[in-house]
Structure formats: structure tokens, C-alpha cells
Amino acid sequence: MREVLKPVETAMPRAVPKRTHTMTTPQHPQSVRRFEPSQSTEGTSAITRAFALLSRRWNGLILMALAKGPADFAQIRERVPGISDRMLTQRLQELTAIDLIAQDVRPGLSSRTHYALSPHGKAFLVPLAVLFLWAEDHLPASGSPASNQQATRGR
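The numbering of the sequence shown is the working numbering, which starts it at 40 and goes up by one.
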């Protein structure tokens, strides 16, 4: 389930190397897709949509919580400390509507809805995990000495 992203140097007419990246995906390991930074300059670009999804508070944490396995509402709430019932309900509905989460209603004495990552949600974990690891390495946690230095420099 790992995407391979490696730099590729290609010559431009001015003999200045142009950096592109090639990528294979778990769904299509034989196919190669190219990413060029110029593709991400439009307001409706894929990267803009991806960051809009992640910028909504709790979305990333809910997806990471479901990466541990399917869960019902109460289990997700335990895995995502601090989220209110109302906000969790709203985010689950939104993530289900864009097919990152799948619902499974299990009948019984107390029917419960279980949530799990859909195939699209599982595929989204790859870049989410890479972003998480990058942030741990390069962005200081709030309240840390490095974070406080950055805040002081910005004044």
C-alpha cells in the first residue's frame, strides 16, 4: 500500500533541469503517473482539494482513527479525544458523502452503525501518513521550545 515517489530530471529547452515526479499507486502498480509542479497552480487543482479536505478540523484524526480498524460511534469518539458528539456526527456524514468512509448498519438488539475506511479512504492513508511523518520531523509541536521560538520570530 505504498506509493513510490521518486524525482526524475528531464531536460528543458533552456538546458535547465526540470523536476518532475513519477508515481505508482497500489490500485495501478504497473501504471506510472507524472506529477509536475505546474499542474498544481489552479485554484481547483487536486492539491487544493486535498488540503481543503485536511484543513477541516478532525478529518485527518478521524481517518487515522479508522486506520486502526472499523469502529462504531463510541469507539471513534474514544480514539479522537476532544471531539464533540455533534462534530463527530457531522464529520462522519461528510466523509461518508465523499466516499472516504463506509457505513455498515449491524442489526440486533441495539442496532449500531459501524464505520470503516472505504477503498478511497484506505488509499488516502498513504499521503496522509507521509504528511504526518513529515510534520513530526519538520514542524515543532505547539508549546515546544522550537514552536515558541517560531512564534516569537513572527512578531
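Even glycine gets a Cβ: it sits at the ideal position worked out from N, Cα and C.
Just to confirm, are residue i and residue j a CB contact at a threshold of 7 Å?
| i | j | result |
| --- | --- | --- |
| Ile115 | Ala106 | no |
| Val119 | Leu93 | no |
| Asp111 | Arg151 | yes |
| Ala199 | Pro109 | Past the edges of the chain, shown from 40 to 194, lies residue 199, and the structure says nothing about it. |
Comparing C-alpha positions only, which one of the options sits nearest to residue i?
| i | options | result |
| --- | --- | --- |
| Pro158 | Arg125, Ser149, Ile140 | Ile140 |
| Ala162 | Glu133, Asp138, Gly121 | Asp138 |
Determine the DSSP secondary structure at residue i, reduced to helix, strand or coil.
| i | result |
| --- | --- |
| Ala180 | coil |
| Asp111 | strand |
| Asp143 | strand |
CA-CA distance, residue i and residue j?
| i | j | result |
| --- | --- | --- |
| Gln129 | His177 | 31 Å |
| Gly147 | Leu134 | 25 Å |
| Ala85 | Ala136 | 18 Å |
So, at 6 Å on beta carbons, what are the nonlocal neighbours of residue i in its own chain, with the 5 sequence-adjacent residues on each side left out?
| i | result |
| --- | --- |
| Leu164 | Ala106 |
So, at 7 Å on beta carbons, what are the nonlocal neighbours of residue i in its own chain, with the 5 sequence-adjacent residues on each side left out?
| i | result |
| --- | --- |
| Ile122 | Trp97, Arg116 |
| Met126 | Trp97 |
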